[in-house]
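Visitor:
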Amino acid sequence: MTLSLFIAGSHTDIGKTHVACALIRAARAQGLVVEALKPIASGFDPTDWADSDPGRLLAALGEAPSAVALDRITPWRYAAPLAPPSAARLEGRTLPLEPLIDLCAGRLAASAADLFLLESAGGLMSPLADDGICLDLLDALCLPVLLVGGGYLGAMSHTLTAAEVARGRGHPLRAIVVSQDADPTAPDFTETRSLIAAHAGGVPVFPAPRGGDQAWAQSLLAALIDLPVSAPA
Ligand SMILES: Nc1ncnc2c1ncn2[C@@H]1O[C@H](COP(=O)(O)OP(=O)(O)OP(=O)(O)O)[C@@H](O)[C@H]1O
Ligand SMILES: [Mg+2]
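In the working numbering, each residue's number is its place in the sequence shown (first place is 1) plus 110.
1) By DSSP, does S120 sit in helix, in strand, or in coil?
2) By DSSP, does S267 sit in helix, in strand, or in coil?
3) What does the Cβ neighbour count give for E229, buried or exposed, with the cut at 16 atoms within 10 Å?
4) Is it right to say S176 is buried, meaning 16 or more other beta carbons lie within 10 angstroms of its own, or is it exposed?
5) Taking only three categories from DSSP, how would you classify E173?
6) Below 8 Å, how does it come out for the region 117-137 and the region 206-213: are there three or more Cβ pairs, yes or no?
7) Count the other C-beta atoms from every protein chain shown that fall within 10 angstroms of the C-beta of S114, then say buried if there are 16 or more, exposed otherwise.
8) State the beta-bridge partners of V178 as determined by DSSP.
9) Pick helix, strand or coil for G233, following the three-state DSSP scheme.
10) What first and last residue would you give for the alpha helix (DSSP H) that runs through P194?
11) How is W159 classed by DSSP in three states: helix, strand or coil?
12) Looking only at its chain, what residues have a beta carbon closer than 7 Å to the beta carbon of D240, apart from the 5 residues adjacent to it on each side?
13) So the beta strand (DSSP E) R284 belongs to, where does it begin and stop?
14) From this set, D212, Q328 and P314, which residue's C-alpha is nearest D246's C-alpha?
15) Report back the beta-carbon spacing between A285 and P314 to the nearest angstrom; my notes put them in contact at under 8 Å.
16) Take F116 and list the residues in its own chain whose beta-carbon comes closer than 6 Å to its own, dropping the five residues that flank it on each side.
17) Whose C-beta lies closer than 6 Å to the C-beta of A397 among residues of the same chain, with five residues either side of it excluded?
18) Rounded to whole angstroms, what is the Cα-Cα separation between I183 and P149?
19) Please tell me whether A193 and G232 are closer than 8 Å, where the distance is taken between their beta carbons.
20) Could you tell me whether the region 295-312 touches the region 267-283, using the rule of 3 or more Cβ pairs below 8 Å?
21) Please identify the residue among C214, G280 and I306 whose C-alpha is closest to the C-alpha of L147.
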């Protein structure tokens, strides 16, 4: 049975792709079949996309970065590093929500993967299409949510607010991941994670600390899918 997750963020650049890639690698290491979809990416340079969201996701999936693979993982791509509808407008293109919903729903329905990760764009209430925000896509797809929040000053409120918004629209949160901020002057990471957990209404909260060791992703995966994965301390 497929576990499909909507990877939402409390903010843009918060770590959604980072968490998705770590989860993909952890799942593949367990022999699971994984599929990922990042339907829309802006700030996309077609001549240099190894570090783009689709490039990183394809690398984590172990897929060669071909044009076909790119079209499949991220069908809508825009050059300007703006919210997708603004970036589309600059290119004289429209970006209606309905085809996006249809594509995502079709891919989810057809997937035979053990784990299907759909990464949205920006924050949960960021503009996604000409006529919709990320939350509208979630409303249409009704997937369980993996919310990625941050560790900067103010991130607790942003993360818990996004969690409440998802819940308020009837979307259960499967987990929250607190992605550590790169700024060394950010509040204590362990304390931030504990504070978020204390107010998350019972939703499990996982840390994504900076540093090469991604053992946290194994713990997260084990919590998401009932697997005999040993949890690191
Ligand atoms: N916990 C973390 N540990 C190490 N690096 C991180 C972490 N979180 C984010 N990053 C890095 O910060 C940058 C932004 O993260 P990422 O691209 O995952 O954000 P995003 O939420 O997917 O952004 P977007 O809204 O553009 O999709 C990337 O270079 C990523 O590798
Ligand atoms: Mg991303």
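Think of the CB as a built atom: it goes at the ideal place given N, C-alpha and C, for glycine as much as any other residue.
Guide: So, from the listed chains and residues:
1) Translated into positions along the sequence shown, residue 120 becomes position 10. In this structure, S120 counts as coil in the three-state DSSP scheme.
2) Indexing the sequence shown from 1 puts residue 267 at position 157. In this structure, S267 counts as helix in the three-state DSSP scheme.
3) Position 119 of the sequence shown, counting from 1, holds the residue named residue 229. Around the CB of E229, 16 or more other CB atoms lie within 10 Å, so the residue is classed as buried.
4) Locating residue 176 in the sequence shown gives position 66, counting from the first residue. When all chains shown are included, S176 counts as exposed.
5) Residue 173 sits at position 63 when you count from the first residue of the sequence shown. In the structure shown, E173 sits in coil (DSSP, three-state: anything other than H, G, I, E or B).
6) Counting Cβ pairs under 8 Å, fewer than three are found: no touch.
7) In the sequence shown, counting from the first residue as 1, residue 114 sits at position 4. Flag for S114 reads buried.
8) For the purposes of this step, residue 178 is taken as the residue at position 68 of the sequence shown. V178 is not bridged to any residue.
9) Position 123 of the sequence shown, counting from 1, holds the residue named residue 233. Taken through DSSP and simplified to helix, strand or coil, G233 comes out as coil.
10) Residue 194 sits at position 84 when you count from the first residue of the sequence shown. P194 -> alpha helix (DSSP H) spans P194 to L200.
11) The residue given as residue 159 occupies position 49 in the sequence shown. W159: coil per DSSP, three-state reduction.
12) Locating residue 240 in the sequence shown gives position 130, where the first residue counts as 1. So the list reads P195, T204, L205 and P206, once near-sequence residues are dropped.
13) If you number the sequence shown from 1, residue 284 lands on position 174. Per DSSP, R284 belongs to the beta strand (DSSP E) from L283 to S289.
14) As a position in the sequence shown, residue 246 is number 136, starting the count at 1. If you compare the alpha carbons of D212, Q328 and P314 with that of D246, the shortest gap goes to D212.
15) Locating residue 285 in the sequence shown gives position 175, counting from the first residue. Locating residue 314 in the sequence shown gives position 204, counting from the first residue. Indeed they touch by this definition, with Cβ atoms about 5 Å apart.
16) In the sequence shown, residue 116 corresponds to position 6, counting from 1. Excluding positions up to five away in sequence, the list reads L228, L248, L253 and V255.
17) In this structure the chain extends from 111 to 343, so residue 397 is not present and cannot be described.
18) Within the sequence shown, residue 183 is the residue found at index 73, counting from 1. Within the sequence shown, residue 149 is the residue found at index 39, counting from 1. Straight through space, the alpha carbons of P149 and I183 are spaced by roughly 7 Å.
19) Residue numbering aside, residue 193 sits at position 83 when the sequence shown is read from its first letter. Residue numbering aside, residue 232 sits at position 122 when the sequence shown is read from its first letter. Yes, the Cβ-Cβ distance between A193 and G232 is below 8 Å.
20) At 8 Å Cβ cutoff, the stretches touch.
21) Translated into positions along the sequence shown, residue 147 becomes position 37. The shortest C-alpha to C-alpha distance from L147 to any of C214, G280 and I306 is the one to C214.
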